[in-house]
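Asks: Pasting a structure below so you can have a look.
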């Protein structure tokens with residue numbers, strides 16, 4: 294199964310993987326990005342073939 298992640302990056306996933314598992318596979322942490330699947334914020338949702346997952350950097354500072 295293929296899932297499109299971030300800026301034209303594509304990763305191969307297993308059936309039933311969650312967006313968080315894919316995030317970790319791509320080397321990101323849940324604290325560093327906000328995940329959007331088809332325009333909705335998600336965390337534990339499973340992905341389907343050819344889904345698009347967008348990763349938005351979390352901005353912080355003081």
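Numbering (my numbering), first residue to last: 294 to 355.
Beta carbons: idealized from backbone N, C-alpha and C, even for Gly.
1) Distance check for residue 313 and residue 334, CA to CA, integer angstroms please.
2) Measure the C-alpha to C-alpha separation of residue 327 and residue 336 and round it to an integer number of angstroms.
3) Using CA coordinates, which residue listed in 350, 341, 324 is at the minimum distance from residue 309?
4) Residue 315 lies in the alpha helix (DSSP H); which residues open and close that run?
5) Under the assumption that residue 311 contacts residue 338 (Cβ atoms under 8 Å), give the Cβ distance between them as a whole number of angstroms.
Replies: Let's see:
1) Residue mapping note: residue 334 aligns to position 41 of the chain shown, counting from 1. Residue mapping note: residue 313 aligns to position 20 of the chain shown, counting from 1. Inter-residue distance for residue 334 and residue 313 is about 12 Å (C-alpha atoms, whole angstroms).
2) Here residue 327 is taken as the residue at index 34 of the chain shown, counted from 1. Here residue 336 is taken as the residue at index 43 of the chain shown, counted from 1. If I take the Cα positions, the gap works out to 9 Å.
3) Translated into the one-based positions of the chain shown, residue 309 becomes position 16. The shortest C-alpha separation from residue 309 is found at 341.
4) Taking the chain shown and counting its residues from 1, the one referred to as residue 315 is at position 22. 312-318 is the span of the alpha helix (DSSP H), which, as asked, contains residue 315.
5) Locating residue 311 in the chain shown gives position 18, counting from the first residue. Locating residue 338 in the chain shown gives position 45, counting from the first residue. The C-beta separation of residue 311 from residue 338 comes to about 6 Å, placing the pair in contact by the 8 Å criterion.
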